[in-house]
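Novice: Submitted below is the structure of interest, expressed as structure tokens.
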Amino acid sequence: METLPAPRKTRAKAVKAAPGSDKRWTGALEGMHRGLVYGWVLDIKQPEQRVVLEVLRDGDAIGTVTADIARGDLADTFASVLPAGTVTDVCHGFIADLGIIKPGHQGVVTMRIANTDALLPGHVELASSTKPPVAARSAVFSDGALRLHGWAIDNRDERRKVTVRAYEGEQLLAETLADITHPATRAYEVNDHGFILNLPIKLGDGLSHTVRVVDDRGNQLNGSPLTVCCYAQGVKALLPDDTGVLGSAIDGYERVLPRSLAMHHYREWHAQFETPGSVPPLPDALAALKVGILVHGGQQGDQAAAARTLASLQQQSHPLTHVFALEPGVPDQQRALHAMLQAALIARCDIIACVRNGDTLAPHAVTAALHGFADAATQLVYTDSERAGRPWFKPAWNPEYALASDYPLDLVFARAPAVAALPVETRANAALLVWSLLAAQWEAAQQTVVHVPRVLLQSDTPLSAQEQQQRYEAATTVLGQVDTKAALQPLAGPGDAGFIPRRIVRALGKRDRQRSVSLIIPTRDHVELLERCISTIQQHTKWENLEIIVIDNDSALPKTKAYFRKISKQGVRILPAPGPFNFATLNNAAVDAATGEIVGLINNDIEAMHDGWLEEIVSHLLQPGVGAVGAKLLWPNGMVQHGGVLMGVGNVAGHFGNRLAERDWGDHGRNQLLQQVSGVTAACLFLRKSDYLAVGGMNGVAFPVAFNDVDLCLKLRTAGKSIIWTPYATMLHAESASRGTDDSPQKSLRAQREIDQLRTSWGYLLQHDPAYHPSLNLDAYSHAFGGLALPPRDRAPRQAGFPVQVQDSVL
């Protein structure tokens, strides 16, 4: 086995290769500190290449790492080992995270050039620790756009959190505290010194900017300065319309590596992307539509507020916009709204909308909204809104979330015949009028209610308590019309919520409670997990016709066998399923054997936390058109592990809520309110057995371990079924506690194959999640609602169902 020229000490600098030397690589494994192995390696013959290394423990490969970290401290060393005149950068360092090796384990770690026999000089004992170089104390790198990532640790006091600042010249661009877990430093004791620096959007001008990053003692971070060069509008905006293969390649790149901007840069983002020029011209048929806007309620008697509203309406780019406003001092609001509505109908307006007095519309608001009426079947169009500088990026039609939050009501456009068809009593106030319009479309809303995903309405004042109460009462009235078994229950929410939060409670009748339910729990030993799972379910479940099936996938331990005998006497079915672990086929076999009309897929690391959880899930599952229901899952530390599946994260899928605590409100209540999502995890997923079988169950060939639940939910969604997530059924989940993580080479390759399969099967839909928003981030290391997409994705008008398009493969 070839060994590279060894330095005199483990951390010594390498010597310059002798002229004519046939040695290709030089470098060193310098040491290990708190689970991070660090060093450097340089390809002498191809210094522009980044060397891939295998991490060895006692000679066996346990992982790989690429030497691509900047090592400014070794610039002179790199120059000395290369032939004279050779130019290279300083990005040849590496840091390998050994967090997968549990503390206390023994062994010797070495590094080998991948696919060769060449070892780096030096080794480290797992039990040892050396003082790390600058690269292990700090680092900064760019995501290719306007977010800088890295870590910073104080040499003098590792417990102190370092403030990191970014400068262009002497101008401070951004600062933040290095106090988050960074994906590159997940080892046990160094997991909270990471940071994300959000640079201002003005740097997204396509020019090169030199950005210097320092800590709070003025020391430059390793990797600083950086050159930032990006175009906020996206690379495709620089290409001609007919881009062919190049455009497809760029599109694939931007899907896999999406860029985002921090939410606190919303005002600058809005100024760049929500402009009249961003809306295409209307086709002739839509351009001919006459729009009537009724100005109602709000800040009555405030002449300045009225002037703002009227001015924004008079500046609309759509020329056939007609305004109907209240006369000052009119005491009877109900008669006034009725009179304005009658006037709009007499004037033969084709489209009617209500705008609250004091609110303003963007100049292109009416034009953008009219695009939503391109389909003749569309009856209602709603848009996004902004209140006190805070945007509300809304989902496509989502009836549960609408009933819980009034989210569509800020700005709704309706076809005049739909308005005229309503009874006169619905004109008591704008809230009742709009909720009545929604109720009239309830059964057909997936085809007749359209969302235009643009922030077109702005308001500087919150809704008054009276206005919020009117909306709540109107929603209550409508729910009584569309679902006689349901009721709204007010919830406590933050003072600035802007609406009265509410829970949808659906009563279960005697016949519903007699339906049979089968819970399916796969396991392989790990009896301590399984015992907690089953015991907590038994403790908190009072369902009369309940079947529990344990799928035994080659359990071998005597204590497991003993536990199986114990629970068998309690009526739990043990279904033997020998062979390699394949989560999909295990569940398919169990569903076939289940006697329940309803099946619940449950992980063996799930624990029930409260009574009534099953009743909550079943009550929503039995609603017409519902395909599956999932619960709110918590990690043992009380943080949310699962708040529904979000499509498109890193061009795959991820979870809502991962940076929220159980009681956090979330974006406009998304962590506390019932809502439709595009998928839920099979760690706790309930559906009708007939629906499971109708869509072919889980795909054990394409998705043996991961994403089988996502694939199942997407099949249900394309079949016209909805997926509901409820925060009122809360379970504890130690994710992958029994299966383990994908940390071995074999598991990693299998996981990558499943990612590729998901992209191949559902590539287009991953970018068009109706429960999310095209203006919000999809970068894998952030969190849902944590940033602004840069640039925003397709903001065409959308319906609740998945868009109909031939599936495309984006790998």
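Counting the sequence shown from 1 gives a position; my numbering is that position plus 563.
A virtual CB, placed ideally from N, CA and C, is assigned to each residue, including glycine.
1. From the DSSP secondary-structure annotation, give me the bridge partner or partners of CYS917.
2. Would you say the segment 1228-1241 touches the segment 1252-1271, given that touching needs at least three Cβ pairs under 8 angstroms?
3. Which residues bound the beta strand (DSSP E) around GLN1204?
4. Taking ALA899 as the reference, give the member of GLY860, ALA931, GLU1170, VAL1212 with the closest Cα.
5. Hey, PRO532 and SER1338: beta-carbon distance below 8 angstroms or not?
6. DSSP on LYS765, reduced to helix/strand/coil?
7. Between the alpha carbons of THR649 and VAL615, how many angstroms are there, rounded?
8. For ARG775, which residues of its own chain have a beta-carbon under 6 angstroms away from its beta-carbon, when the five flanking residues on both sides are left out?
9. My assumption, with CB atoms under 8 angstroms, is that GLN1330 sits in contact with GLY1211. Please give the rounded CB distance.
10. If LEU619 sits next to GLY685, beta carbons under 8 angstroms apart, how far is it from one beta carbon to the other, in whole angstroms?
11. To test your reading of the DSSP string, which unbroken beta strand (DSSP E) runs of 3 or more residues are found completely within the segment 1128-1206?
12. Taking the C-alpha atoms as reference points, what is the distance between ALA937 and GLN1044?
13. Using three-state DSSP, classify ILE716 as helix, strand or coil.
14. What is the residue span of the alpha helix (DSSP H) that ALA850 lies within?
15. For the alpha helix (DSSP H) containing CYS1276, name the first residue and the last one.
16. Under the DSSP definition of a beta bridge, which residues are partnered with ILE1097?
17. On the criterion of 16 or more Cβ atoms from any shown chain inside 10 Å, does LEU996 qualify as buried, or is it exposed?
18. So if DSSP puts ILE632 in a beta bridge, which residue, or which two residues, is it bridged to?
19. Express the C-alpha separation of GLY626 and LYS572 in angstroms, rounding to a whole number.
20. Tell me the DSSP secondary structure of SER643 in three-state form.
21. Between which two residues does the alpha helix (DSSP H) containing PHE836 stretch?
22. Relative to the C-alpha of LEU857, which candidate in ALA848, ASP865, ALA869 has its C-alpha closest?
23. Beta-carbon separation of LEU924 and LEU852 under 8 angstroms?
24. List, from N- to C-terminal side, the beta strand (DSSP E) runs of 3 residues or more that fit wholly inside the segment 1334-1358.
25. Where does TYR530 sit, in a helix, a strand or coil, going by DSSP?
26. For VAL753, does the three-state DSSP call read helix, strand or coil?
27. Select from GLY1206, GLY1175, THR1158 the residue whose C-alpha is nearest the C-alpha of GLN1102.
28. Do you know how far the Cα of VAL604 is from the Cα of THR651?
29. Please name the residue or residues paired with MET595 in a DSSP beta bridge.
30. Taking 8 angstroms as the threshold (beta carbon to beta carbon), is ARG1017 in contact with chain D?
31. Measuring alpha carbon to alpha carbon, tell me which of LYS765, VAL886, TYR794 ends up nearest ALA834.
32. By Cβ distance, which residues of its chain are closer than 6 angstroms to ILE1111, with the 5 residues on each side in sequence left out?
33. Pop quiz: ASN761 and ALA737 are said to be a contact at Cβ under 8 angstroms. What is the actual Cβ separation, rounded to whole angstroms?
34. Tell me, please, which residues DSSP counts as bridged to HIS1218.
35. Compute the Euclidean distance between the alpha carbons of TRP955 and GLN1239, then round it to the nearest angstrom.
36. What number of angstroms, rounded off, separates the C-alpha of ALA979 from the C-alpha of LEU904?
Specialist: On the basis of the supplied data:
1. In DSSP, CYS917 forms a bridge with LEU857.
2. No, they do not touch.
3. Per DSSP, GLN1204 belongs to the beta strand (DSSP E) from 1203-1205.
4. Closest option to ALA899, Cα to Cα, is GLY860.
5. Outside the shown range of the chain (564 to 1374) lies residue 532, about which nothing can therefore be said.
6. Here LYS765 sits in helix by DSSP.
7. Looking at the backbone, the Cα of THR649 and that of VAL615 are separated by about 21 angstroms.
8. Once the five neighbours on either side are set aside, the close Cβ partners of ARG775 are TYR730, SER787, PRO788.
9. Sure, about 5 angstroms apart at Cβ, within 8 angstroms.
10. The pair is not a contact, with the Cβ atoms about 12 angstroms apart (cut-off 8 angstroms).
11. Whole beta strand (DSSP E) segments, 3+ residues: 1136-1139, 1161-1165, 1169-1171, 1189-1197, 1203-1205.
12. GLN1044 has its alpha-carbon roughly 29 angstroms from the corresponding atom of ALA937.
13. Coil, per DSSP.
14. 847-850 is the span of the alpha helix (DSSP H), which, as asked, contains ALA850.
15. 1271-1281 is the extent of the alpha helix (DSSP H) around CYS1276.
16. ILE1097 pairs with nothing; no bridge assigned.
17. With 16 or more other Cβ atoms inside 10 Å of its own Cβ, LEU996 counts as buried.
18. DSSP output for ILE632 lists GLY656 as bridge partner(s).
19. Low per-residue confidence applies at LYS572: pLDDT is 35, beneath 50, and the placement is therefore not dependable, though the value from the model is reported in the following sentence. LYS572 and GLY626: Cα-Cα distance of roughly 25 angstroms.
20. Judged by DSSP in its simplified three-state form, SER643 adopts helix.
21. Per DSSP, PHE836 is one residue of the alpha helix (DSSP H) stretching across 829-836.
22. With distances taken between Cα atoms, LEU857 lies closest to ALA869.
23. The Cβ atoms of LEU924 and LEU852 lie no closer than 8 angstroms to each other.
24. Within the segment 1334-1358, the runs of beta strand (DSSP E) that reach at least 3 residues and sit entirely inside it are, in chain order, 1350-1352.
25. Residue 530 is absent from the model: the chain starts at 564 and stops at 1374.
26. Below a pLDDT of 50, predicted positions are generally treated as unreliable, and VAL753, at 49, falls in that range; the measurement from the model is reported next regardless. Reduced to three states, the DSSP call for VAL753 is coil.
27. The option with the nearest alpha carbon to GLN1102 is GLY1175.
28. Approximately 13 angstroms, taken between the alpha carbons.
29. Paired residues: VAL600.
30. The displayed structure is made up of one protein chain only, and chain D is not part of it.
31. For ALA834, the closest C-alpha among the options LYS765, VAL886, TYR794 is that of LYS765.
32. Taking ILE1111 as the centre and dropping the five residues before and after it, the same chain places the C-beta of LEU1082, VAL1135 closer than 6 angstroms to its C-beta, in chain order.
33. Under the criterion of beta carbons closer than 8 angstroms, ASN761 and ALA737 qualify as touching, at roughly 6 angstroms.
34. In the DSSP output, where bridge partners are listed per residue, HIS1218 has VAL1208.
35. Going from the Cα of TRP955 to the Cα of GLN1239 covers about 17 angstroms.
36. The alpha-carbon atoms of ALA979 and LEU904 are separated by roughly 10 angstroms.
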